[in-house]
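These notes concern the structure reproduced below.
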Amino acid sequence: MTLPAQRHGTGTDPGPGPGPGPGGELAEPGFWQLPPEHRLAAFARLRALGAPVFVPEGAGRGHWALVRHSQVQEASRLPKVFASAPGVTTPEPARWVRALFGDSMVNLDGPDHAQLRKIVQRAFTPRLLAAAEEDVHAVAARIVDDVLEERPDEFVSAVASRLPLEVICNMMGIPERYRAEIADRVNHASEHIGVERGLAARLRMPGRGLRALARMQRMVAGIGRERRKNPTDDLISALVRANVDGQALGARQLGAFFSLLMVAGVETTRNAITHGLTLLTDHPAQRDLLLSDFEAYGDGAVDEMIRHSTPIIQFRRTVVAEHTMDGHLFRPGDKVVLYYASANRDEGVFTDPDAFDITRSPNPHLGFGGGGPHFCLGAHLARVEMRALFRELLTRPVGLRAVGLPDLAGSNFDNRVRSLRFAFERP
Ligand code: HEM
Numbered sequence: 218m219t220l221p222a223q224r225h226g227t228g229t230d231p232g233p234g235p236g237p238g239p240g241g242e243l244a245e246p247g248f249w250q251l252p253p254e255h256r257l258a259a260f261a262r263l264r265a266l267g268a269p270v271f272v273p274e275g276a277g278r279g280h281w282a283l284v285r286h287s288q289v290q291e292a293s294r295l296p297k298v299f300a301s302a303p304g305v306t307t308p309e310p311a312r313w314v315r316a317l318f319g320d321s322m323v324n325l326d327g328p329d330h331a332q333l334r335k336i337v338q339r340a341f342t343p344r345l346l347a348a349a350e351e352d353v354h355a356v357a358a359r360i361v362d363d364v365l366e367e368r369p370d371e372f373v374s375a376v377a378s379r380l381p382l383e384v385i386c387n388m389m390g391i392p393e394r395y396r397a398e399i400a401d402r403v404n405h406a407s408e409h410i411g412v413e414r415g416l417a418a419r420l421r422m423p424g425r426g427l428r429a430l431a432r433m434q435r436m437v438a439g440i441g442r443e444r445r446k447n448p449t450d451d452l453i454s455a456l457v458r459a460n461v462d463g464q465a466l467g468a469r470q471l472g473a474f475f476s477l478l479m480v481a482g483v484e485t486t487r488n489a490i491t492h493g494l495t496l497l498t499d500h501p502a503q504r505d506l507l508l509s510d511f512e513a514y515g516d517g518a519v520d521e522m523i524r525h526s527t528p529i530i531q532f533r534r535t536v537v538a539e540h541t542m543d544g545h546l547f548r549p550g551d552k553v554v555l556y557y558a559s560a561n562r563d564e565g566v567f568t569d570p571d572a573f574d575i576t577r578s579p580n581p582h583l584g585f586g587g588g589g590p591h592f593c594l595g596a597h598l599a600r601v602e603m604r605a606l607f608r609e610l611l612t613r614p615v616g617l618r619a620v621g622l623p624d625l626a627g628s629n630f631d632n633r634v635r636s637l638r639f640a641f642e643r644p
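Structure follows, in structure tokens:
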């Protein structure tokens, strides 16, 4: 459907003036605390409107919500219109967050982004990735051994967060003595990212979390300096020695990249794994199907877990050139939010989008992004981790299942699970 181009405040768009308009509820912290089915119903109503919807954030500010699959994909693939600078979170980061994460590749565009990404990609050599895959299987088996022996009852801490953290720390070559502190700090720092005080607030992180991240970055920078002198076969050595047009990562960039990996690679995967266990528990027929032939259904199950749970709910972009989308004219300076959680339930793309169906094929979900230059760098690794862990968890004959509902953090940024109880059907 082609609609006539509109400007702010005209036609069916509510514009940034007073009154909440149809997108107003997305700005309410309470909205993100609602049960998932209520939020998904709201997104379905917004998708039905067709054109992007304005979400007022107070004080004359606000963003345009992209809720359709086609809209999210279009914005992801047009970086010359929808830029990642100055940042991709909503609310916007405070100055200190920018100071810490400013060099992070998620917030960069054009040649600056391409160069950083090339250095990092070059460091993810097939040899390093093959070694990582072997390690993933070993770590997954060890975690499940521990769980069967110790019989803990909280899944996030005992299982879901352990695997991605250990895998990334092993890849990077982080000495054992730093790891408990890193796990604690990352957990603490990311707990409060999001909307607790509404979109008018700045993205915040408690002072302790900030100091912890700064300390973590200094620590990684120190390891980087050491590895430059005495390289080993880990990722930090590769990153500080990678040679792309004579470039490698500087100490500050290395620290920023490590922080990014901790949030982008650990948080996301742990939440995907936790939602995965809930989904398999709630859908026993799908679980039986998966168990009947893990080789055949494993990959489909992992992607369907990611589509259904959408661990990263949204990323922001800033418009830098005029562009019309679904009849709406974007102008430079407009903020746009790509709601992956809504795109992944788009009834125009997915048949019966709320169903959990591990045989869904094709499954063009946007859980790792909508394509384009920022597409998730760790998508392959995340899939390998999830597949390995669920194989270990499901094929041991103990009947592991979730108990009760996950305790959701209610963030507008990641579909974070604080905790999930679990139990075994058989001894
Ligand atoms: C289920 C797990 C994961 C999900 C759902 C996920 C999701 C995403 C999404 C939505 C983006 C933004 C894409 C865009 O802007 O177009 C992204 C970017 C990124 N992800 Fe992931 N991710 C996951 C796991 C990982 C892992 C395991 C790693 C690293 C080991 C990782 C590293 C990154 C990095 C570095 C970026 C930024 C890339 C850039 O800006 O060029 N992610 N991810």
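Every position in the sequence shown, counted from 1, becomes a number in the working numbering once 217 is added. Don't be surprised by glycine CBs; every beta carbon is placed ideally from N, CA and C.
Self-check item: the stretch 611 to 624 touching the stretch 514 to 532, judged by at least three CB pairs closer than 8 Å
Solution: no
Quiz item: For the stretch 261 to 274 against the stretch 541 to 560, are there 3 or more C-beta pairs whose distance is under 8 Å?
Solution: yes
Exercise. Assess, as a yes-or-no matter, whether the stretch 246 to 254 is touched by the stretch 507 to 522 under the definition of 3 or more beta carbon pairs within less than 8 Å.
Key: no
Self-check item: Contact test: Ala347 Cβ vs the ligand HEM heavy atom, cutoff 7 Å
Solution: no
Quiz prompt | Cβ distance (whole Å) where Leu466 is taken to contact Val457 below 8 Å | solution = 6 Å
Quiz prompt | Start and end residues, beta strand (DSSP E) containing Ala282 | solution = 278 to 283
Quiz item: So is the beta-carbon of Ile399 under 7 Å away from any non-hydrogen atom of the ligand ZN?
Solution: The model depicted lacks the ligand ZN and carries the ligand HEM instead.
Exercise. Following the continuous beta strand (DSSP E) through Gln531, name the residue where it begins and the one where it ends.
Key: 531 to 536
Exercise. Pick out whichever of His500, Glu242, Ala375, Tyr514 has its Cα sitting closest to the Cα of Asp571.
Key: His500
Quiz item: Would you say Pro253 touches the ligand HEM, meaning its beta carbon is less than 7 Å from a heavy atom?
Solution: no
Practice problem: Could you check the C-alpha separation between Glu367 and Glu291 for me, to the nearest Å? | Solution: 48 Å
Quiz item: Alpha carbon to alpha carbon, what distance is there between Arg548 and Val384?
Solution: 43 Å
Practice problem: Flag Arg633 as yes when its Cβ comes closer than 7 Å to any non-hydrogen atom of the ligand HEM, and as no otherwise. | Solution: no
Quiz item: Who does Ser636 pair with in a DSSP beta bridge?
Solution: Asp624
Self-check item: Euclidean distance between Cα positions of Phe592 and Ala265
Solution: 27 Å
Practice problem: Please go through the same chain and pick out, in chain order, the residues whose beta-carbon is closer than 6 Å to the beta-carbon of Val412, but skip the five residues on each side of it. | Solution: Note that Val412 scores a pLDDT of 45, beneath 50, so its modelled location is shaky and nothing firm can be said.
Quiz item: Would DSSP call Asp305 helix, strand or coil?
Solution: Per the sequence shown, the amino acid found at residue 305 is Val instead of Asp. Coil.
Quiz item: Does the stretch 376 to 394 come close enough to the stretch 596 to 603 to have 3 or more Cβ pairs within less than 8 Å?
Solution: yes
Self-check item: Collapsed DSSP secondary structure at Gly275 in the structure displayed
Solution: strand
Self-check item: Proximity below 8 Å, CB of Arg638 to CB of Pro614
Solution: no
Self-check item: Inter-stretch contact at 8 Å, needing at least 3 Cβ pairs: the stretch 498 to 514 / the stretch 559 to 578
Solution: yes
Self-check item: Ser293 beta carbon near the ligand HEM (any heavy atom closer than 7 Å)
Solution: yes
Self-check item: Simplified DSSP assignment, three categories, for Glu245
Solution: coil
Quiz item: Which of the three DSSP states, helix, strand or coil, is assigned to Leu466?
Solution: coil
Quiz item: Cα-Cα, which of Thr535, Phe567, Ala560, Asp563 is closest to Lys552?
Solution: Thr535
Quiz item: Nearest to Asp510 by CA position, among Phe532, Leu611, Ala455, Arg445, is which residue?
Solution: Leu611
Quiz prompt | Simplified DSSP state of Thr342, which is helix, strand or coil | solution = coil
Self-check item: Limits of the alpha helix (DSSP H) - the one that His255 falls within
Solution: 253 to 266
Practice problem: State the Cα-Cα distance for the pair Val298 and Gly550, rounded to the nearest angstrom. | Solution: 10 Å
Exercise. For the alpha helix (DSSP H) holding Thr485, just list the boundary residues, first then last.
Key: 485 to 499
Quiz prompt | Distance, Ala468 Cα to Thr306 Cα | solution = 24 Å
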